[in-house]
Every structure is written in structure tokens, then in C-alpha cells.
Amino acid sequence: MHHGTEFRLLGPVGIWRGELGLGPTAAQQRSVLAMLLLEPGRVVPVDRLVMAVWGEDPPGSARNAVQVQISKLRRILAPLPDTELTTSAQGYCLAVDHVRVDLHRFRELVREARTVGDGPAGELLRAALQLWRGPALADVTGGWLTETVGAGLEEERRAAMEECAAIDLRSGRHQEAVAVLSPLVAEHPLRERSVGLLMEALNRSGRRADALALFRGTRQRYVDELGIEPGDDLQRLHRRVLDAPAAPPAQAAPPAQAASPEQPVQPASPVPPAPPVPPTILEQADADRLASAPEDPSPARPQPSPQPSSPPAEVAVPQQLPADVVHFTGRERELAGLDALLRPALGARDGQARTAALISVIAGSGGLGKTTLAVHWAHRVRDRFPDGQLYVNLRGFGPTGSAMTPSEAVRGFLDAFQVPAHRIPATVEAQTALYRSLLTGRRVLILLDNARDADQVRPLLPGSPGCLVLLTSRNELTGLVVAEQAQPLPLDLLDRAEARGLLARRLGAERVAAEPEAVEDVITVCAGLPLALAIVAARAATHPRFSLAALARELHDARGSLDAFDGGDATTDVRAVFSWSYHTLGTDAARLFRLLGVHPGPDISAVAAASLVALPVPQARRLLIQLTRAHLLTERSPGQYALHDLLRAYATELAEAYDSEADRRAALHRTLDHYLHTAVAAGRVFTPQRTPLTLPAAQPGVSTEPFADYGEALTWFTVGHPVLVAAQQQAAESGFEPHAWQLAWSLAEFLDQLGHWHDQGVVHTVALDAAQRTDNLTGQAHAHHGLGLADLRMARYDRARDHLMCALDLHGRTDNAAGQALIHVALNLAGERQGRHEEGLYHAQRTLELYREVGQRSGEAYALNNVGWAYAMVGQYQQTLIHCEKALRMLREAHDGRGASAAWDSLGYAHHRLGDHEQAIVCFRNAVELRRERGERVRAAETTYRLGSAQLAAGDVPGARDTWQEALTMFDALGHPDADRVREELGRLG
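In this text, residue positions in the sequence shown follow our numbering: the first is 11, and each later residue adds one.
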């Protein structure tokens, strides 16, 4: 024995060195140890340990009690070499070599015996059976372990005893077979395979009378206890024993002489050669079935089956579907997708007969109603499958974490077809073959519910067409989609209309219609999760006097917690349902899921996830894919992942339970650094003329994204701006004030150019508060600037001027000349909007002076254009052409499309006012083209309007009408204050 220490489950549970027991002495500790040893090297969730000790009704202190037992086990295990009991967020793991655990040695010996000939197989099976020292898990606490796990282990022992006895019979060791089988039959007198083997062994041992007596006693038990006769195989064996002449008592085989390679062994005395050992009646029954099977079961080329030696037993028609849901509603798209399966499933496709069963996988996260949908649809189409409907819960995800083995499922299906026990082969492979044989030529609907993975499912798939397999799983089962061409049917959250329909079906249309606002609140808080909606509906139905508004307030009061979504048992508790998926994750994936509760949301990219958990980007991407396949995340768009609000609440709970406050804060710090440093990098490409902020170095483990051009930067801002807004808010709330105002600064140009003025106001209000809390004058100046721009765009000019003057003063106090220049740009625009054009010209000229003072050439080019535009506002159009043509040359040399578009726009306006309308149209078209290419929605709309004005002046009324209509559409989409003016001018055109 390795290190002289072994772990025992096959009998009393414990740790032994030789015959010296090392413990544990307490029954609860033995239960915990047993659960850990059932899967050594794998994490066992705390919930499963609680179930092992207390069953379905644990006390409130159960988790703490498990921790106490774990601590005591650690003290016992500590001195043992190569043995480690570790703790993780998911539970506990006992790392120990499988060979040191008797159960796993037993299984390995049995597996090996099934791969070799009878001689060595018998020795291996006997060695395996010698490991048993009593009933499995003999002294654990409670009844759950022995009734569930222990019963399965005992069945493994009985199957091994029968296999060993069958080998003994085939090898002529009849007395050994009798010795093995007698106690087994005494313990299980109605186990037909054991009884048949023992009858055979007694008869071949010359004990014909005992064999017949055994049959009579067994038959009487069947009649008395079950009210039926023994199976056909046992009765045929009885007739064969009756008809055959009595066999002589078995003789021990004489000892053989040693043989040399050249000389075969000679018998000690001349004896006639022994006749071949006949097969047992059970082996003969299997041979009969094989002989009667068609060589090619394909319906494309039917073959006549040979006549069986005896009439085949009538196969039952199983009807195993669970009850349908009374108030099923919605899911019309998914039901239509399932209905579409029937056309290729039950007929020809492309003119060719189908040669394989059709498979559909309904996949989605916990609580989405996968089983409900599958069962409902199965009931709708059950008449299309006249040979039966099979159903099994594979327990891939559940409170015990103990997934059903394929062999259990196959055996259950054989029972559903009422295959007599004595006809069921001993090996899993043979049972699977028999199951598939029963399905051949039949039309059966097979609903495999709650599958863990593809390996669990594959043995249950039919081998021929005619059947349809409907699978539900929290995993995507991509392997089945690829290899078996299963049809995926991803299930998502209910939309608002479907959620409303669910509540109406359960509560009544009148009650729902009476409180529409409360209903909408409930739908929002439940995030469209059917299980959550059903729990709330059940509470409302149970308390008809409660208003829906009161229930909605309850949910809001519990926002951020799952306490309001407990339906009374594990299967209707949202927290428990989510936990079954979480506990299947590996360590790194589980940590990422927990820390997603720290992330501000709503979406996250692989680079952001890498920063969150301080891992390389490729590894983070793999973890995101794992979470997506487990349906704990959704890939809403390529590379962007999200989780709904209830899953986010669950992740937050887990993070607070398993990750220290320091770890959570470090993760948030890395996340904010990622968004800030990436936003500043994108800003350098998006607005290269802008002086970037100087940032402190990012935290270790932070990854950022590179940007090759303006298009990449614009795409990143467009996709990520909701996340950036949420991150900025979280930074302010979590004490990261510098991140709060710096993120607002990094967003300002994008929000302004694309017309997100409301967000502009929100983020800079937060930024101003954060900067004031830390007395940061630079942050306050940038925040006032952003607020001024937002008010300016929304025509709140007095408020805008107040903010801009505050910003100008703060930049002056910090000697930031470039910052002052930017404020003068905004004041120039304010003067234009308010008709104060001389004031606007002053601010434009002051901008040019400041940029020249600091030697910022890009700023100087922009300022030249602004000065030219300001001259146009006071009617000096030649000065406009001089300044703007110079600006255009500088900007084109710098390949600055944004600035060049502004210069073209200014030149177009000047030419238009000078009466050169054709040249104006050319300039405006150049400006519009550049601004559309860059996604500058606001400026593109403004220039489009001016283009229409030039067309009208040039006499192109239809062209002007079309262009102004286009501008109006853009202004309306932006909520731009100029929309009404354009609408009036279009009205005057007629």
C-alpha cells in the first residue's frame, strides 16, 4: 500500500495504516470524508457536504458545522504524505492518489477485468471483491449517503460478483461459483440474474435437486410478493435442468505437469477429453437476440429479419413526460423553431432518407425555463411519436451536484420498456446496445433534461432514425452541435411583452391591467427571468389583497440581493439555481465570475476582463468562453459579454463572501485603470490636437487596447461608452475621485461630437463633485468645461457661460494656457449662438494667441479656422477666406480630417455669403463627406443644413428640399435645438 496508508469507503469509512485505524471517530466527519473521497482531486461544494451530513433538511448552522468538521479532518490528514485538503471559493478538495482509495482501486480492477480474457479477468474480479469489508459507507451519519451513493456502490459490487461467477462457470469452476452466488441470492432472492447463475452452478456441480428447489422457492416468492411468474430466461433454464440427465458430481482438476516450450502438457493418466463447457442460459439468450437482429437496421435499405427462435417479448410504450405547465405563455419563436424540427425529423430530406436521429439542444442559464419549454413542446407533439416518450433528469446541475451516470439513465430507459431484469446484460456497453436495439425502427421522443456535458449524453443517443432527442442544458454542448449535428436553440430572457403575458396568465389580465406601472417595475427588477417572475407571481397569487405596487416596492427594497426570489425550495430559489452552474466552474473561471460583481457593467470585453482578474488576455478570453458556455454570461455582440441583473447580484454576493475587501478593491482599481488608460489612448487618435492628460502608471496586471486609426477609436468609444459612464459613476462612489474626473475628461470630445449631451452633463456633474471633494482645481476646470459644452449644445446659454467662466478662472489659477484656449473656443461658440459676434471674435483671437504662446501647432490651425469663422459672423468674408485657407493647408498637411472638415465648412459659408454658391456647394460637400466618414453626427447635420441653403441660393429647390429633409432627420435624432428652424424653412418651401 502506498505510504502504508489507505482510505476506505467499501465498509466502515476511514483512514487506515495496515489494520490500525487513524480516524475519524465522529460519524459527521466520516460523512464529510466520504464525500471528499468519492471524487479525490475535485472540489466538492459545501452544499453537497451539507446534504451528505443532514440530507434534505439541514439546520441553519450546517455550513459552519461543516467548516468545523473540515478543520478536524485537517488535523488527522496533516501528518499523511502526499495528502492535502484545500479550500477554495467553490468548496473543499482532498488531493490524494486514487490508488490509495479502496473504491477507486475496486473500479479500476473491474474495468481492467472487462478488457481481458476469462483467466486473468476472474483473478482481477476476485481481487476487487476482496477490497469490500462490509456494506459501502457502513458507518456514516444520516441516511442520504447510504441511500443514494451507497446503494449505487452496492449495485456495483453485485454486478462484479455476477461477472466473477459467470467466468467461473465458463471456466468449469462450478463450486467457486456456488460459493460466490449463494450469499448474494440469500441477500437478494428476487435478483433473476443471480438466481439463474446459481441454478446453473448447482446443476453443473451435480446438485440438480438443489437447483430445482431453488427455482421452486424463487417462483413462489415471485407469486407471493410480486404476483407474477419469473422471467422467460429463468423458466427456460428450469425446463433445461428438468429435461437434462443428472450431471455427475464435479471432480477437482488433476494437477498439471510443468510444460516446456517444445513439449505440451500430458495428463497424469489417460482420460477422455472434457466436453466444452456449455454457455449459461443467460449467455444463450443474448446469443438468440443477436441471431434475430437484422444486419442493417437502416430504413433506407430494409432487410428481412431472420425468424427468432421464440416469439419476441412485447415491448411497452413508455409515457414518461412530466406534467405540462398550466400557465405556459410566450416563447412563440422558440416553439416555432422546435416545430420546424418535425419536418426533417419524420420524413425525407433532400430526397434522401434520414439515417440518424435528429437532436435539438435547448441551452440557457438557470431559471430561463428550459425544462418548461421542452416539456410543453413535447406534450404538444407527443402524438407524433406513437412508440413512446422517454424522459430523464440527468441531474447535470442540481442541489447535490451528483450528475446521473449514462449507465443509470440507460438502465432506467430499459425499465421503462419493461425489459425483464434477467434480460438486461451486465455491462454498460451491452445495456446501451440493447437500448439502441429497442429504439431501432421506432418513433420515440427522448427528452434528456438538465444535461451536464456531451459525454453524459452520447451513450443515450439512438443509433437509427425515427427518434427525436430533445436536450436541455446550461452548457452549450458545442461538441454535439459539431459532431452529431445537433440543432442549437439558445434560450434568452423574456422580452417585456412575454414577461407581461406570463404575469397576466398567472394573476389574471384584470389585475395586471389595473396596475401597469407596478407590473413594469416587477418586470424590470426580475430582469425578464421566468423563474424570478414566477416566484413574484406566486407571492402575489398567495396574497391577493397585496397590491402589485407593494410587491414592486418589496423588490426595490431588496435590490442588489436575491432574498426576494426564494420560492420555498431549492428548485425555485434563484440563488440556489444559479449556484448549480457556478459550482461546476474551475477555480479561475469562478473567480472571474465573482469579480464580475465588482465590474460596473453592463458589458465587458476580454481585455477588460483580463484587467479585472490580472491575467493575460488570451487566458481571460478562454475563461469568458467557459462562462458563456455555462450560460453565466451572454456574448451580446462579438467580443462583448454581459450578465443580467440577477446574475450580477449573485456574483456580487459571491465576491463579498469569498473575496476579501482588499481583493475586490484591487480588482476595481485595475478595472478603472484599464478604462481610463484605454480611453486616453483612444482620445489621442480620436482628437489628436487635444493635449492629453498625464496619468500615473496603471496597476500591475492591467491590459489596454491599441488603436491604429480614428475608426478604431470611434468604434471603441461607441461600443464602450455605456460602460465608461458606469465606470465613472462607480469610481466616484468608491473613493476613486481622480478616475472619476479623468474618465469624464476622456469622454468629453466623443460625447460632444456624437450628440450625447445628456450623458455629457451627467458625467461632468459627477466629475465636478469628485474633483471638489479632493480640492483638485484641474479636475474642477475640466468638469466645468464639460458642463458648459453640454449646456451650450442644449441652448442653455447663460448656464453654459457661467460654467465656462468658472473653467477659465480655474485654468488661469493653474497656469494652464492650453486649457484656457479651449475655454475661449467654447465662449466663441456661445457668442455666436447668442448673436454676440464681436465677443465671439475676441474669444477666437484670444484662442489663437494662447496656442501660439505654447507652440501648439495643431491648436493654432484650429484657432485660425475659428478666427475665420468669427470674421464671417461679423461679415468680413475675405478675412474668413484668408484665415480658413491657411488653416486648411495646415490641417491637410497634418492629415487631420476633423479639422479639415471644419475649415471646408467655414470656406463654404464664406463663399455662400459672397454669392459664389457653386463653390460653396463644393466646400460643403467636402465637409459633409469628411464628417460622415468620421461619425461626427452633430457637425455633419449642421453642415448638411448649410449645404441645403447654398443649393437653394443656387436655384436648386428640389435639391435643397431633399438636403434639408436629410438635415432635419439628423437634427431630430440628436434632439438638436435647430430642428424646429429647419422644419419651418421646409414648410415655407412647400
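Glycine is no exception: its CB is placed at the ideal position from the N, C-alpha and C atoms. Since the model is a prediction, treat every value here as computed from it, not as a measurement.
Item	Value
So what does DSSP say about Glu272, is it helix, strand or coil?	Unreliable positioning characterises Glu272 in this predicted model, as indicated by a pLDDT of 32, which lies under 50. The coordinate reading is nonetheless provided below. In the structure shown, Glu272 sits in coil (DSSP, three-state: anything other than H, G, I, E or B).
Looking only at its own chain, which residues have a Cβ that is under 6 Å from the Cβ of Asp531, when we skip the five neighbours before and after it?	Ala562
Which residues in the same chain as His922 place their Cβ atom closer than 6 Å to its Cβ, once the five residues preceding and following it in sequence are excluded?	Ala930 and Ala960
What runs of the beta strand (DSSP E), each 3 residues or longer, lie entirely inside the stretch 364-450?	368-373 and 399-403
DSSP state of Asn460, grouped into three classes?	strand
Could you tell me the distance, in whole angstroms, from the CA atom of Gln399 to the CA atom of Val454?	6 Å
Measuring straight from C-alpha to C-alpha, what distance separates Glu928 and Ala964?	7 Å
So, His821 versus Asn838, is the Cβ gap smaller than 7 Å?	no
Helix, strand or coil, according to DSSP, for Glu645 in the structure here?	strand
What does the Cβ neighbour count give for Ala913, buried or exposed, with the cut at 16 atoms within 10 Å?	buried
So Pro55 and His593 are supposed to be a Cβ contact under 8 Å. How far apart are they, rounded?	4 Å
Could you give the first and the last residue of the continuous beta strand (DSSP E) run that contains Gln497?	Gln497 to Pro500
Could you compute how far the alpha carbon of Ser308 sits from the alpha carbon of Ser474?	Confidence at Ser308 is low in this model, with a pLDDT of 34, below 50, so the placement of that residue should be treated as unreliable; the coordinate-derived value is given next. Roughly 7 Å between the two C-alpha positions.
Going by the beta-carbon positions, is the gap between Ala741 and Ala754 smaller than 7 Å?	no
What are the boundary residues of the beta strand (DSSP E) that includes Gln650?	Gln650 to Ala652
Between Arg944 and Val967, what straight-line distance do the alpha-carbon atoms span, to the nearest angstrom?	29 Å
On the DSSP bridge list, what partners appear for Pro18?	A small fix is needed here, since residue 18 is Arg in this sequence, not Pro. Its beta-bridge partners are Gly24.
My guess is that Leu874 and Leu858 are in contact by the Cβ rule of under 8 Å, so how many angstroms apart are they, rounded?	6 Å
What are the boundary residues of the alpha helix (DSSP H) that Leu820 is part of?	Tyr807 to Arg823
Cβ of Asp683 within 7 Å of Cβ of Gln650?	no
In chain order, what residues of the same chain lie with their CB nearer than 8 Å to the CB of Thr688, ignoring the 5 residues before and after it?	Val617, Thr714, Glu715 and Trp726
Inspect the CB distances between the stretch 420-429 and the stretch 598-605 and report whether three or more fall short of 8 Å.	no
Distance check for Ala373 and Asp393, CA to CA, integer angstroms please.	25 Å
Using DSSP with H/G/I as helix, E/B as strand and the rest coil, what is Leu481?	strand
Check Gln886 in the structure and name its three-state DSSP category.	coil
Which runs of the beta strand (DSSP E), 3 residues or longer, sit entirely within the stretch 75-123?	94-97 and 101-105
Ordered along the chain, which non-local residues of its own chain (more than five positions away) have a Cβ less than 8 Å from that of Thr681?	Val608, His609, Pro610, Ala618, Ser621, Leu622 and Ala737
Whole angstroms is fine: what's the gap from Gly511's alpha carbon to Thr339's?	7 Å
In three-state DSSP terms, what is Pro698?	coil
Note down, in chain order, each residue of its chain lying with its Cβ closer than 7 Å to the Cβ of Asp9, except the 5 sequence neighbours on either side.	This structure leaves residue 9 out entirely; the chain is present only between 11 and 1000.
Anyone know if the C-beta pair for Asn213 and Val251 falls short of 7 Å?	yes
What whole-angstrom Cβ distance do Glu239 and Arg110 have, given they're in contact under 8 Å?	The pair is not a contact, with the Cβ atoms about 48 Å apart (cut-off 8 Å).
When we look at the beta-carbon of Gln763 and count the other beta-carbons within 10 Å, is it buried (16 or more) or exposed?	buried
Buried or exposed: where does Glu486 fall if 16 or more other Cβ atoms within 10 Å of its Cβ makes it buried?	buried
Classify Arg58 as buried or exposed, calling it buried when 16 or more other Cβ atoms lie within 10 Å of its own Cβ.	buried
Report the residue from Val60, Ala223 and Leu104 whose alpha carbon sits nearest the alpha carbon of Gly152.	Val60
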